[in-house]
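Novice:
Protein chains: 2
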Amino acid sequence: MTDTMKHIVLASRPDGAPTAANFRLEESAVPTPGDGEVLVRVHYMSLDPYMRGRMDDAKSYAAPVPIGGTMEGGAVGEVIASNSPDFKPGDFAFGMFGWATHGVQPAKMLRKVDPAQAPITTSLGVLGMPGFTGWQGLMEYGRPKAGETLVVAAATGPVGSMVGQIAKAHGLRVVGIAGGADKCATAKDHFGFDECLDHRAYPDAKSLSAALKEACPKGIDIYFENVGGKVLEAVIPLMNPFGRIPICGMIAWYNAGGLGANAAEQALTAPKLWRTILVNFLSVNGFIISNHWANFPNFLKEVAPKVADGSIAVQEDITEGLENAPQAFMDLLTGGNNGKAIVKVI
Amino acid sequence: MTDTMKHIVLASRPDGAPTAANFRLEESAVPTPGDGEVLVRVHYMSLDPYMRGRMDDAKSYAAPVPIGGTMEGGAVGEVIASNSPDFKPGDFAFGMFGWATHGVQPAKMLRKVDPAQAPITTSLGVLGMPGFTGWQGLMEYGRPKAGETLVVAAATGPVGSMVGQIAKAHGLRVVGIAGGADKCATAKDHFGFDECLDHRAYPDAKSLSAALKEACPKGIDIYFENVGGKVLEAVIPLMNPFGRIPICGMIAWYNAGGLGANAAEQALTAPKLWRTILVNFLSVNGFIISNHWANFPNFLKEVAPKVADGSIAVQEDITEGLENAPQAFMDLLTGGNNGKAIVKVI
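So the sequences go chain by chain: R and H. Residues in the first sequence are numbered from 6 upward in steps of one, following my numbering. Residues in the second sequence are numbered from 6 upward in steps of one, following my numbering.
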């Protein structure tokens, strides 16, 4: 047990895309768990697009990380001290320990992770928040029906790959969008998508839309929205009547400096978007998974066995060392990862 | 029984707001009903914002009116000849007779109207398509809960006044938006709205939004969207988490020449709109009432008695003479009417 721990703090708020200067590695004393609390030595931490939002001080569903505060995030590690009867040293637990080597949390804020059931990294991805986001959003707001067509971007990411695989299991035609030929091959060969388009091969929304139209000859019934930007603009003209659009993120716009500074919004205006919702009778639902945790046990019950038997495939992209988390995060925001982005901390 | 009838045809497609030159009054022979068909002498025809959409040839949920074709629309009148056992001369019927003095329709496309239950004009408004639109959209997609706050524009129109009155009956705080002090007085005194803002008193979305914020101290839970434009932009920052936005129209944008030519869309970008849906977990549903006719009997069963006993108030704005329909329609699109816009044809 070390006496000091490392963590990465928000040094300054980014103006557009984050840079290394927005982060700072600091050391501090390992905290002592109070009554009912648990001290965890982090093994793996998660990198997720939502963290970009926490770096801004815009009004959102969650408070921003303060300047000088530890970057937020989920992580999994081993309990090294516990003042709760629910955890003992040697247990593994998932919690919001942030970008850090150690963390203290109240026991009731932790989820026990069984390393015998699946590798503990899956608690950050396919069997954690991202996988649950894909499953819950698709089932509650996507309402998949056999024979329909679904489109999802970031197809090899932990949300998109879950959405695609669950939709396939329900009998839908599933078309992914991803950045690069490698990721498209992964989407088809590893995750079983029917088609996957490399958005980098299309210079603008119009050409991407034309390619999507070919890949979706019967139109699009469900667009699971996790990127926004060019993909949204390409999808909008192809939505079928009574289509559904669950929205869990818009990574393409997170760096857009007030959500108005990029090319996509020039062509896709608010009136055009609104009109498409009206004339196609679309159902559009924004959601954040933290409002749905009550359903998490049902997710695990359905999906954990499928991960164990291999019918849900997993792909992880693991970076070594906490000090490399900022670069890995910047890569994630520009699509440089291939699979669930994880940092190995120990 | 005359041998010739009058009708108003689409002379040319409008570029922006319609003008008198886009319409032409024509005469033709009164058609003869075929097998199973009914000939009706129209007494009153309806003017509705959706008709603006039919004048364009943009992709929509309905085919455009062809150049030279009779303007579409609902109307109510007296059966003067019938080849169907379901109707006899002297009956009153509602049907899509268009902007015309006479019309033939298959009996199965007509709805019998009982002049003893309510004035036949109500079949065009409060007990017809617009009233049903307000009731159905609010109940299915608005999901009103006592104690919440609802905002609806065109508050004295047949859709808005129904939405407001039904929401009041469900225990919501109801804030209307209308054009002019007279309409606002009507909304409060005649229809029972808690507040009504005159959008003409606010030069831009920002000032309207500030006034709305005062009128809605607990934020907005339901925005029933029938106008778009400045009102939408003013409402968006005030939406509460888990808010609902049923969309049945966007009259402010119908004249916007490709939905991109007015000021409102400069400030309200697609990313900003999309982000609000995400971060507030909004549920946005476009709908057109023609997909919901199966529920019309339930609407009549609930609402017709309320109209009969006066607990649902009615306001109609009746223009005399078919030849004045184009001007009345242009007035409707700029808010010149006060109440359900109707043309007395006979």
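C-beta: ideal position from N, C-alpha, C; glycine also.
Name, in chain order, the residues that DSSP records as bridge partners for V179/R.
Specialist: Per DSSP, L155/R.
Novice: Taking its Cβ as the centre, do 16 or more other Cβ atoms sit within 10 Å of G263/H, making it buried, or is it exposed?
Specialist: Any answer about G263/H is weak, because its pLDDT of 42 lies below 50 and its placement is not dependable; what the coordinates show is given next. The residue in question, G263/H, is exposed, as its Cβ has fewer than 16 Cβ neighbours within 10 Å.
Novice: Which residues bound the alpha helix (DSSP H) around E219/H?
Specialist: That run of the alpha helix (DSSP H) goes 210-220.
Novice: Starting from D199/H, trace the beta strand (DSSP E) both ways and give me its first and last residue.
Specialist: Per DSSP, D199/H belongs to no beta strand (DSSP E) and is neither H nor E.
Novice: Within 10 angstroms of the Cβ of I72/H, are there 16 or more other Cβ atoms? Answer buried if so, exposed if not.
Specialist: So I72/H counts as exposed.
Novice: Using a Cβ-Cβ distance under 8 Å, would N290/R count as near chain H?
Specialist: Closer than 8 Å to some Cβ of chain H, the Cβ of N290/R qualifies, so yes.
Novice: At a cut of 8 Å, does the stretch 85-92 of chain R reach the stretch 9-23 of chain R through at least three beta carbon pairs?
Specialist: Segments in contact, no.
Novice: State the CB to CB distance for the pair Q141/R and I294/R, rounded to an integer number of angstroms; the pair is presumed to be in contact (CB under 8 Å).
Specialist: Between I294/R and Q141/R the Cβ distance is about 6 Å, and since that is below 8 Å, they are a contact.
Novice: Is it right to say A215/R is buried, meaning 16 or more other beta carbons lie within 10 angstroms of its own, or is it exposed?
Specialist: It counts as exposed.
Novice: Mapping the DSSP letters down to three states, classify M50/R as helix, strand or coil.
Specialist: Three-state result, M50/R: strand.
Novice: Judging by CA-CA distance, which residue of D336/R, N342/R, H297/R, I317/R is the nearest neighbour of A123/R?
Specialist: The candidate whose alpha carbon is nearest that of A123/R is I317/R.
Novice: In three-state DSSP terms, what is P120/R?
Specialist: Correct three-state label for P120/R: coil.
Novice: Along chain H, which residues have their Cβ under 8 Å away from the Cβ of M255/R?
Specialist: Those within 8 Å of M255/R in chain H are P276, W279, R280, L283.
Novice: Please look up how many angstroms separate the CB atoms of G82/R and V43/R, rounded, as I've assumed it's under 8 Å.
Specialist: Rounded, the Cβ-Cβ distance is 10 Å, inconsistent with contact.
Novice: Looking at the C-beta of L287/R, does it have a partner C-beta in chain H at a distance below 8 Å?
Specialist: Cβ-Cβ to chain H under 8 Å: yes for L287/R.
Novice: Under three-state DSSP, which class holds M76/R?
Specialist: Here M76/R sits in coil by DSSP.
Novice: Taking Cβ-Cβ distances shorter than 8 Å, what residues in chain R pair up with W258/H?
Specialist: Near W258/H (Cβ distances below 8 Å), the residues of chain R are P276, W279, R280.
Novice: Can you tell me which residues form a DSSP beta bridge with L30/R?
Specialist: In DSSP, L30/R forms a bridge with I13/R.
Novice: Does any C-beta atom of chain A lie closer than 8 Å to the C-beta of N296/H?
Specialist: Within the model displayed, chain A is absent; protein chains R and H are what it includes.
Novice: Taking A206/H and G181/H to be in contact with their CB atoms under 8 Å, please state how far apart those CB atoms are, rounded to whole angstroms.
Specialist: Not quite, the Cβ-Cβ distance comes to about 14 Å (not below 8 Å), so this is no contact.
Novice: Specify, as a first and last residue, the run of the alpha helix (DSSP H) that G108/H falls within.
Specialist: Per DSSP, G108/H belongs to no alpha helix (DSSP H); it is in the beta strand (DSSP E), 107-111.
Novice: Can you confirm whether G233/R, when its beta carbon is compared against all beta carbons of chain H, has any partner nearer than 8 Å?
Specialist: Taking Cβ atoms only, chain H reaches closer than 8 Å to G233/R, which makes this a yes.
Novice: Tell me, please, whether the CB atom of I252/R is closer than 8 Å to any CB atom in chain H?
Specialist: Yes - at least one Cβ of chain H is within 8 Å of the one on I252/R.
Novice: Expressed to the nearest angstrom, what Euclidean distance is found between the alpha-carbon atoms of Q320/R and H107/R?
Specialist: Rounded to the nearest angstrom, the two C-alpha atoms are 26 Å apart.
Novice: DSSP state of S360/R, grouped into three classes?
Specialist: Absent from the model: residue 360/R. The displayed extent of chain R is 6 to 351, so no value can be given.
Novice: State the beta-bridge partners of N290/R as determined by DSSP.
Specialist: In the DSSP output, where bridge partners are listed per residue, N290/R has P251/R, S288/H.
Novice: List the DSSP bridge partners of M244/R.
Specialist: Answer is I225/R.
Novice: Can you pull the chain H neighbours of I171/R, defined as C-beta to C-beta under 8 Å?
Specialist: None at all; the shortest Cβ gap to chain H is about 21 Å.
Novice: Taking the beta strand (DSSP E) that D322/R falls in, what are its first and last residues?
Specialist: Note, D322/R: beta strand (DSSP E), 321-325.
Novice: Using DSSP with H/G/I as helix, E/B as strand and the rest coil, what is S87/H?
Specialist: Looking at S87/H - three-state DSSP - the assignment turns out to be strand.
Novice: Hey, how far is the Cα of E270/R from the Cα of I227/H?
Specialist: In this prediction, E270/R has a pLDDT of 47, which is less than 50 and means its spatial position is unreliable; what the coordinates show is noted afterwards. Their backbone Cα atoms lie some 26 Å apart in a straight line.
Novice: With 7 Å as the limit, tell me which residues of the stretch 219-231 of chain H have their beta carbon closer than that to any beta carbon of chain R; keep them in chain order.
Specialist: Under the 7 Å Cβ criterion, the stretch 219-231 of chain H contributes no residue.
Novice: Count the other CB atoms, across all protein chains shown, that sit within 10 Å of the CB of G326/H; report buried if there are 16 or more and exposed otherwise.
Specialist: Classification for G326/H: exposed.
Novice: Hey, quick one: how far does the alpha helix (DSSP H) through A313/R stretch, first residue to last?
Specialist: Element bounds for A313/R: 301-313.
Novice: For I182/H and chain R, any beta-carbon pair shorter than 8 Å?
Specialist: So no, I182/H is outside the interface.
Novice: Whole angstroms are fine: how far does the CA of F102/R sit from the CA of G162/R?
Specialist: Going by the C-alpha atoms only, they are around 22 Å apart.
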